[in-house]
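Heads up: the sequence lines are chains A and B, in that order. Going left to right, the first sequence walks through residues 5 to 658 as my numbering numbers them. Going left to right, the second sequence walks through residues -8 to 180 as my numbering numbers them. Just so you know, even glycine gets a beta-carbon here, dropped at the ideal spot from N, CA and C. What follows is a short report on a single structure.
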Amino acid sequence: MYRTIFGEKVSRARWKQLLNAQKNRREIIKAGLSRRELFKMGLLSGAGYLVAKSGLSAWAAECGPGQCQLGCSPPTTPFLDPLPIMPVLPERTLADPGFDPPPQECPNNANNPATGLPFEGRGQFNGVLQPGTDCFQFFQRFPPEKFFISRMRENANFSLTSDPAIPDQTIWGFNQGGEDPLTDPAIFPAPTVVSRYQTPIVIRRFNDLPPQDQNGGFGVPETSTHLHNFHSGPESDGGPCRFFFRGQYYDYYYTMQQAGFDADSPPNGDIRESMSTLWYHDHRVDHTAENVYKGLAGFHLIFNQFDTGDESTGFHLPGHLNPDGTPKFDFDIPLFVADKLIDPGTGQICFDTFGLDGLVGDTFLVNGKIQPFFEVKKRRYRFRVLDGGPSRFYEIFVTNPDNPSQVIPFWVIANDGNLLPKPVQVTSFRLSVAERYDIIIDFNKIARDFGATRLWLENRLEQVNGRAPTDKILPAGQIQNALVELRIVGDPVADGSVDPATGPQFYALPSNSDNDPNAQPRITRTFRFERSNGQWAINGRFMDCNDIRFTVQRNSIEKWILLNNSGGWQHPIHNHLEEFQILSTNGVSTPNGSVERSRKDVVRLGFNDRRELFFRFRDFRNDYPMHCHNTIHEDHAMMVLWDVQDTGDNNTRP
Amino acid sequence: MTKARPHAFQKIPPRELIRRRHLPNVELITHHGKRVRFYDDLVKGKKVVINFMYAHCGKVCPPVIANLVRVQGLLRDRVGHDIFFYSITLKPEEDGPEELKNYAEMHGVGPGWLFLTGRPNDVELLRRALGFSYADPAEDADKSNHIGMLRFGNEPFLRWAACPGQAHAKWIATTILEEADFPARYGAK
């Protein structure tokens, strides 16, 4: 009897093919071909593995119906669809039926007779009700002024492209808060939340996802919505252990104050800690990757008196506002980048729930469409570029596809959504999962200087598996690496935005100087990110919702040393509650004027890296996670929980 | 452009897709000497915990198996009732039913936990389909460095997860119960 990788009976011919593959591999090994020779023969990938060619690896399945692997997605025609702009989540009044019962400071754990569960999922920890916990911190000091609703649901008619090679998809997403799925379907990326500093808000999120066995193959209808990098209490942070169930809602309350309001910068926090580009995404412990990949993620933008959303005021960053204060998204464009695998048989996005290394897709979505196009005018634009994961690293260039050898500069103005002290000119930037870079591209100047009529945001970083990029930069102008085509149309138009070349100043960085008595760490802690017997660990230990491993002293400064002891893996590490500054990398201080001389919430641990981070932990109490944001690593326990209390501990290797 | 061009997409039920990709129906032999089919007899319609080991493994297997014995204790009579543990040998050429029976007895494993061997190609197929292989062939060939993860499945509910075998036993037990019970308790229609 002959069997394939599926354990199915196969023809004698296929079986012989498999045997041949084994023989070929043995012959390669016997012939002692060097890696260099194999590479030249096209038999070795950049990462050093034998390419998964049939006839070479007995275990490499053919691309075919049911397969969910890199290189098997159906080819699609790029640039067919315009770039979608996500709608803004609309404000609602407390009279909205969705606010019955209304939000309250402490969780509403009264029994909902319709479901048999507590109305609200807040106050549950790892699925278990903990009475008396998770009241909103600072709710009385900053009472909410604006209210929003969003519902997590399935959408079975979601189009990725107008290319008939790909059918409509069944995704999970968030909607705009309405009750009727026909008029207000769930979408991916989710509606963009727009808020302003000093205007506290509540967002009520309903879990209206389908039953577990109707997940289409992946996705768990238990959710926790994390507002990535916002400074909030654990009860509103959406951490891994605070998930809630179908039929429940969860009120997320955001003070909309900068960090330091109850510490060094009363009453409203340190203006230098203002954030601009955030995102929200599911964080359910052990199941984050599949839930985010299925669509539970979107942008959250914050404006203030400097980053106003209106180019005629404040820092004069590109864009305009509608009369109601929401962005027009005319010249300020969020770009949610995500890579997917598509099953060539069903045409549906697929996810390998059995993978441990990480999932790298071969089909790029930007704002939910496969390789869309976007018409731009001859002026400056701000793009907010997010790597929505699950695992891929990007090196993004601006390419003129009609003359790919041109090296086209542009400006980075924010790292992880935090404005830099001033713009930095670059010709590319590295982006790992959950990182955000705000960039400014001047299409008038590029059209003039380079004669370009269209440009691509192009990912030129090679990555062949979920472990890490190869760090090889691919040649420019390869259409499969284009994320979005920017088509330059019309004559030069009015541009009221600041020219980054004039060196405008944004927020100064909060001090981390050795000489500053107000910047002295109370403690230095070391974290080694490692893998033993295929198990992801931090300091040799694993994620456990019931194991809070160290205690930070509230309103204190700490230095954390993050180590990657591997030359085969890279990890984008994210910490909650407070952002950090990167003091040094492998002993070298972060250079002034570099894009990493910034406030960040994700730090890339490259091969064998040692990176030192500077934190101020302020205002809120209780538990938060730090974790790898390669969400497959995260789901397999590369996460540590820690606590903030009025007295900290002295655990230097937690 | 409209979606006028006919395109033959297959409607493959998601549960069937998971079976095809990850749950080959190979024949295995239990440590009681019974012949079983992996999908039909061990996984279909069940809640399962799966790991790989071999009898003479001295590095990661002893702590993981000892941990699983503690987990089995914490789960009490659920194991064997509706939750099943499967430990599959990485060295079927060495570990026959007799060796695995001795191994199980030595570690004091309770009912509801099967140690499994089979034809080497079948076991290798199963190991890869279940995601217990490394991308790097050299790393993958070193059995002493094999993956110490536990795979959890709630097969009829299309829910799969994994957890390090060396995590705290209490947390592993908690996670297994969530995977086993939450779909029906909170996820059913």
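Report, in whole angstroms, the separation of the C-beta atoms of S77 (chain A) and P348 (chain A), which I expect to be a contact under 8 Å. 7 Å between Cβ atoms; contact.
Discussion item. Tell me the rounded alpha-carbon separation between C52 (chain B) and G139 (chain B).
Written reply: One C-alpha to the other measures close to 7 Å.
Just by C-beta distance, which residues in the stretch 70 to 84 of chain A are closer than 8 Å to chain D? No chain D appears in the structure shown, which is made up of the protein chains A and B.
- Curious, which full-length beta strand (DSSP E) runs of at least 3 residues does the stretch 587 to 633 of chain A contain? Whole beta strand (DSSP E) segments, 3+ residues: 606 to 609, 614 to 621 and 626 to 632.
Run down chain B in chain order and give the residues with a C-beta less than 8 Å from the C-beta of T350 (chain A). F0, Q1, K2, I3 and L8
message: Please report the straight-line C-alpha distance between I41 (chain B) and G393 (chain A), rounded to a whole angstrom.
response: Each residue's Cα considered, the two are about 28 Å apart.
*asked:* Determine whether the beta carbon atoms of F303 (chain A) and L339 (chain A) lie at a separation below 7 Å.
replied: no
In chain A, what lies closer than 7 Å to A152 (chain B) by C-beta?
D290 and H291
- Message: By the 7 Å beta-carbon criterion, what residues does the stretch 353 to 376 of chain A contribute toward chain B?
- Response: T357, F358, G359, L360 and D361
Using a beta-carbon distance below 7 Å, is G220 (chain A) in contact with chain B? So, interface residue.
Review point. Taking the runs of the beta strand (DSSP E) that are 3 residues or longer, which of them lie wholly in the stretch 296 to 383 of chain A?
Key: 301 to 307, 336 to 346, 367 to 370 and 377 to 382
Note to self: Under 8 Å, with one C-beta from each stretch per pair, do the stretch 305 to 325 of chain A and the stretch 494 to 502 of chain A reach the 3-pair mark?
What the structure shows: yes
Determine whether the Cβ of F249 (chain A) lies closer than 7 Å to any Cβ atom of chain B. yes
- Query: Under 7 Å between C-beta atoms, does A194 (chain A) make it to chain B?
  - Reply: no
Using the rule of at least 16 other Cβ atoms within 10 Å of the residue's Cβ for burial, across every protein chain shown, is D113 (chain B) buried or exposed? buried
Next on the checklist: Quick check: what's the CA-CA separation for D605 (chain A) versus H578 (chain A)?
Outcome noted: Looking at the two C-alpha atoms, the distance is approximately 6 Å.
>> Closest to S560 (chain A) by C-alpha separation, out of A:D268, A:N463 and A:T81, would be which residue?
In response: A:D268
| message | Less than 6 Å between C-beta atoms, sequence neighbours within five positions excluded: which residues of the same chain meet that for G70 (chain A)? | response | G349
Review point. Which residues mark the beginning and the end of the beta strand (DSSP E) in which M643 (chain A) is found?
Key: M643 to Q649
Q. Per DSSP, which one or two residues make a beta bridge with P86 (chain A)?
A. Beta-bridge pairing links P86 (chain A) to A:F377.
For F249 (chain A), report the span of its alpha helix (DSSP H) as first-last.
Careful: F249 (chain A) lies outside any alpha helix (DSSP H) and carries neither H nor E.
*Residue from A:R603, A:T474, A:S593 and A:Q173 with nearest C-alpha to G572 (chain A)*: Of the listed residues, the one whose Cα sits closest to G572 (chain A) is A:T474.
Is R(-4) (chain B) close to chain A, meaning its C-beta is less than 7 Å from at least one C-beta of that chain? Interpretation of R(-4) (chain B) is limited by its pLDDT of 43, a score under 50 that renders its predicted location unreliable; the figure taken from the coordinates is listed afterwards. Answer yes: the Cβ-Cβ gap between R(-4) (chain B) and chain A drops below 7 Å somewhere.
Q) Skipping 5 residues on each side, what residues in its chain have a beta carbon closer than 6 Å to that of A175 (chain B)? A) none
Query - Entirely enclosed alpha helix (DSSP H) segments - the stretch 64 to 99 of chain B, minimum 4 residues - result: 88 to 98
Just curious, the beta strand (DSSP E) that F152 (chain A) is in, first and last residue? K150 to F162
- Task: Mark P111 (chain A) as exposed unless 16 or more other C-beta atoms lie within 10 angstroms of its C-beta, in which case mark it buried.
- Result: buried
**Request:** May I ask you to list the residues that DSSP assigns as paired with C154 (chain B)?
**Result:** B:L141
Neighbour-count burial assignment, D133 (chain B), 16 or more Cβ in a 10 Å radius
exposed
Alpha-carbon to alpha-carbon, M260 (chain A) and Q202 (chain A): 5 Å
So is the beta-carbon of L321 (chain A) under 6 Å away from any non-hydrogen atom of the ligand MN?
-> Because no ligand of any kind appears in the structure shown, any question about the ligand MN cannot be addressed here.
- How many angstroms separate the CA atom of H23 (chain B) from the CA atom of E89 (chain B)? 8 Å
Note to self: Quick check on this structure: which residue in A:D212, A:T292, A:K563 and A:L617 has the alpha carbon closest to the alpha carbon of Y177 (chain B)?
What the structure shows: A:D212
Name the DSSP bridge partner or partners of P122 (chain A)? A:N115
Straight-line gap, D127 (chain B) to I153 (chain A) (C-alpha atoms, nearest Å) | 47 Å
Check: Who are the neighbours of E169 (chain B) on chain A, taking C-beta pairs under 7 Å?
Finding: Chain A residues near E169 (chain B): G131.
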